[in-house]
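Asks: Chains as they are written, first to last, in our numbering: chain A, 24 to 218; chain B, 24 to 218. Just so you know, even glycine gets a beta-carbon here, dropped at the ideal spot from N, CA and C. All of these numbers come straight from a predicted model, not from anything done at the bench.
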DNA sequence: CGATGACAGAACACCGTGTTCGGCAAGGAA
DNA sequence: TTCCTTGCCGAACACGGTGTTCTGTCATCG
């Protein structure tokens with residue numbers, strides 16, 4: 024793939040850049056193949072000679088980056104020297120920051136799921152109110168988004184895995200993880216512990 | 024909306040149930056309006072007389088439930104008596120469990136975003152290995168999904184909000200929240216704290 | 001300097017969407 | 001019951017985006 028025809032590389036890069044810029048502008052769903060073709064100045068036939076469809080092109084935009092991130096993360100597998108605890112997290116955020124444009128495009132692709140979006144917003148708002156009320160020592164938005172995302176992810180996992188625990192049980196597990204992190208984010212121990 | 028024609032209610036419910044069952048079977052994207060029409064035994068014209076498109080129908084499936092959840096959550100706003108800390112979480116999981124079928128359909132709607140899915144899987148796997156290595160006292164899958172979801176949510180928020188903090192800063196914030204929760208999930212304090 | 005194959009352009013069939021129309025029948029009120 | 005309102009049906013249609021096919025041209029690499 025590296026030593027291919029120069030024309031091929033030119034075409035692929037043109038298509039990828041066109042898609043990324045268009046997605047940033049109008050979002051993924053609202054971007055049509057024809058628009059990508061026009062902006063990249065590439066023929067329709069050529070496009071389908073390279074990619075099965077729009078999804079494949081979109082995925083290819085992240086392929087190199089994925090490989091890069093994968094190796095960076097693999098460098099800190101367990102068993103290796105007790106590396107800096109922050110590093111795995113830092114790697115991800117650093118990677119995103121280095122490749123801002125692509126990540127912008129990735130995140131412009133909406134959740135496409137109004138129900139989950141609603142749930143997320145609902146939980147995040149509730150947390151935001153609770154937290155700003157309780158006096159947090161770190162940005163309230165950050166805390167709210169973080170914990171709402173955690174709750175939603177666990178919920179989705181729980182549902183798609185066919186409810187492997189009872190509702191009370193999974194709620195207790197969730198609470199066990201959320202509570203200490205929330206406490207750590209408040210000025211003092213937190214008066215009436217929320218979660 | 025409640026005291027409308029009996030035919031209207033019949034039609035709407037038929038369409039909603041048809042969509043939910045089809046989504047559970049083949050997923051949202053792979054379900055076509057015509058299939059919904061066939062299963063609900065409803066005419067094409069009738070469908071568009073009730074809903075603008077497939078998305079609107081899907082949203083309507085969650086409307087009543089959303090209202091229900093909203094009121095349940097509103098009952099525990101801050102300022103009210105220091106309610107049981109676990110309740111807000113329990114409400115969400117309980118709600119999902121009570122309306123299993125709809126939630127199943129909701130969660131069948133794929134992330135539609137291979138890049139984010141990749142990131143999530145990557146982070147979750149890394150966490151899983153770290154955790155099972157360190158000896159966790161709660162289900163490793165639960166912990167991995169939970170923290171991966173939190174990280175991803177924060178990442179998405181950070182990107183879509185145009186990187187309001189530097190990469191190191193946001194990583195530090197993330198670490199501050201993740202560390203205590205992970206520690207709490209390990210048997211002992213955790214030898215070489217990861218995160 | 002060839003031979004290869006990447007590319008353009010236009011035409012095409014296909015599928016899913018959302019709209020239009022005339023006619024039918026089920027619902028609610030008198 | 002009668003009447004009339006209104007939801008519903010079915011078929012047909014235009015539209016837009018997708019992915020394919022064919023023919024000819026030109027850049028690239030050996």
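Using DSSP's beta-bridge definition, name the partner residues of residue 140/A.
Replies: Residue 140/A pairs with nothing; no bridge assigned.
Asks: Does any residue of chain B have a CB that is nearer than 8 Å to the CB of residue 94/A?
Replies: no
Asks: Please identify the residue among 132/A, 135/A, 95/A, 134/A whose C-alpha is closest to the C-alpha of residue 116/A.
Replies: 95/A
Asks: With DSSP as the reference, label residue 159/A as helix, strand or coil.
Replies: strand
Asks: Can you tell which of 118/B, 79/B, 99/B, 29/B has the C-alpha that lies nearest to the C-alpha of residue 182/A?
Replies: 118/B
Asks: Measuring alpha carbon to alpha carbon, tell me which residue in 87/A, 74/A, 179/A is nearest residue 131/B.
Replies: 179/A
Asks: Tell me whether residue 208/B is buried or exposed, calling it buried when 16 or more other Cβ atoms sit within 10 Å of its Cβ.
Replies: buried
Asks: What residues in the region 158-174 of chain B bring their beta carbon closer than 8 Å to a beta carbon of chain A?
Replies: 161, 162, 164, 165, 166, 168, 169, 170, 171, 172, 173, 174
Asks: Check the Cβ-Cβ distances between residue 46/A and every residue of chain B, and say whether any is below 8 Å.
Replies: no
Asks: List, in order along the chain, the chain B residues whose C-beta lies closer than 7 Å to that of residue 208/A?
Replies: 200
Asks: Measuring alpha carbon to alpha carbon, tell me which of 58/A, 31/A, 61/A, 82/A ends up nearest residue 142/B.
Replies: 82/A
Asks: Going by beta-carbon coordinates alone, are residue 194/A and residue 172/B separated by less than 8 Å?
Replies: For the 8 Å CB-CB criterion, residue 194/A and residue 172/B do not form a contact.
Asks: Taking Cβ to Cβ, would you say residue 27/A is nearer than 8 Å to residue 42/A?
Replies: no
Asks: Once you ignore the five residues that flank residue 77/A on each side, which residues in its own chain have a CB closer than 7 Å to its CB?
Replies: 56
Asks: Confirm, please, whether the CB-CB distance from residue 168/A to residue 147/A is below 8 Å.
Replies: Residue 147/A is a Cβ neighbour of residue 168/A, given a cutoff of 8 Å.
Asks: Counting contacts by CB-CB distance shorter than 8 Å, is residue 24/B in contact with chain A?
Replies: Low local confidence applies: a pLDDT of 43 at residue 24/B is under 50, so the model's placement there is unreliable, and no value is given.
Asks: Whole angstroms are fine: how far does the CA of residue 85/A sit from the CA of residue 62/A?
Replies: Inter-residue distance for residue 62/A and residue 85/A is about 20 Å (C-alpha atoms, whole angstroms).
Asks: Indicate whether residue 38/A and residue 73/A have their beta-carbon atoms separated by less than 8 Å.
Replies: yes
Asks: Residue 53/A CB to nearest chain B CB: under 8 Å?
Replies: no
Asks: Just curious, the alpha helix (DSSP H) that residue 187/B is in, first and last residue?
Replies: Boundaries for residue 187/B: no alpha helix (DSSP H) harbours it, and the DSSP string shows neither H nor E there.
Asks: So, is residue 67/A buried or exposed, given that buried needs 16 or more other C-beta atoms within 10 angstroms?
Replies: The residue in question, residue 67/A, is exposed, as its Cβ has fewer than 16 Cβ neighbours within 10 Å.
Asks: Got a sec, what are the start and stop residues for the alpha helix (DSSP H) residue 122/A sits in?
Replies: Looking at the DSSP string, residue 122/A is not in any alpha helix (DSSP H), and its letter there is neither H nor E.
Asks: Would a check of beta-carbon distances place residue 71/B closer than 8 Å to chain A?
Replies: no
Asks: Taking the continuous alpha helix (DSSP H) assigned at residue 74/B, which residues delimit it?
Replies: No alpha helix (DSSP H) holds residue 74/B; DSSP gives it neither H nor E.
Asks: Is residue 187/A buried or exposed, if buried means 16 or more other CB atoms sit within 10 Å of its CB?
Replies: exposed
Asks: Rounded to a whole number of angstroms, what is the C-alpha to C-alpha distance between residue 161/A and residue 129/A?
Replies: 27 Å
Asks: What are the boundary residues of the alpha helix (DSSP H) that residue 60/A is part of?
Replies: 56-63
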